[in-house]
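Position 34 of the sequence shown, counted from 1, bears residue number 1069 in the working numbering, the numbering being contiguous throughout. Data first, discussion second: the structure below is written as structure tokens.
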Amino acid sequence: MEKIFEHFTVAILKLNKLVQKIKTYEMEEFGLKAIHVMCGYYLSEHPDGLTASELSKLTLEDKAAISRALIAMRKKGLVAYDPKTYNAEIVLTDEGRRFAAAVGEKAARAVEAGSANQTDEERIEFYKKLGAIVDNLTEYYYGNLTKGRERKSNGQNSTDE
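The following block contains the structure:
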């Protein structure tokens, strides 16, 4: 019997761990951490700036981690914002844009390595299917599992419908 659950979860976990290791390795030369990769990426995609809250949502990182990441990036002259202003817009500095460009090049090499032996069509189809799996599991979690928890907390049995 094929162990679909095991193969899927182990593959996803390995992929995540490898991506984190690659980010960590690539950030060593900048004296930064893995979290800074996505901060630099999203800030480069939004040249007019983002708030820490928006960056937190985009990167799927908690606000405290984003706050620490931004402090480190500000100290290195990569981002500019007023730390005393609530919901301040964070923008890349000129040095930050160079950093983001270097990160983009590194990311492109990693994606190319990960996509080796795949045609463009296969890669596109893979990302499409992976996106569908994420959408399906999101619906499963928010549409089914959390509703069951809400029914239980309201004193309803899931069979009481």
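The beta carbon of each residue, even a glycine, is placed where N, CA and C say it ideally should be.
Taking each of Ala1046, Lys1119, Ile1070, Asp1117 in turn and checking the Cα distance to Lys1098, the smallest one comes out for Ile1070. Contact check for Val1138 against Val1072 passes: the beta carbons are separated by less than 8 Å. Ile1101 counts as buried, since no fewer than 16 other beta carbons sit within 10 angstroms of its beta carbon.
Secondary structure note for Phe1043: its alpha helix (DSSP H) is the uninterrupted segment 1039-1062. For the region 1118-1188, the continuous alpha helix (DSSP H) assignments of 4+ residues that do not extend past its boundaries occur at 1129-1149, 1155-1175, 1181-1188, in sequence order. With contacts defined as CB atoms closer than 8 Å, Ala1115 and Cys1074 fail to qualify as a contacting pair. Between Gly1084 and Glu1037, the C-beta spacing is not below 8 Å. With a 10 Å radius around the Cβ and a threshold of 16 neighbouring Cβ atoms, Lys1058 comes out buried.
Less than 8 Å divides the Cβ of Glu1130 from the Cβ of Gly1112.
Shown here for Thr1094: same chain residues with a beta carbon closer than 8 Å to its own, the five before and five after excluded, namely Ile1070, Met1073, Cys1074, Tyr1077, Ile1101 in chain order.
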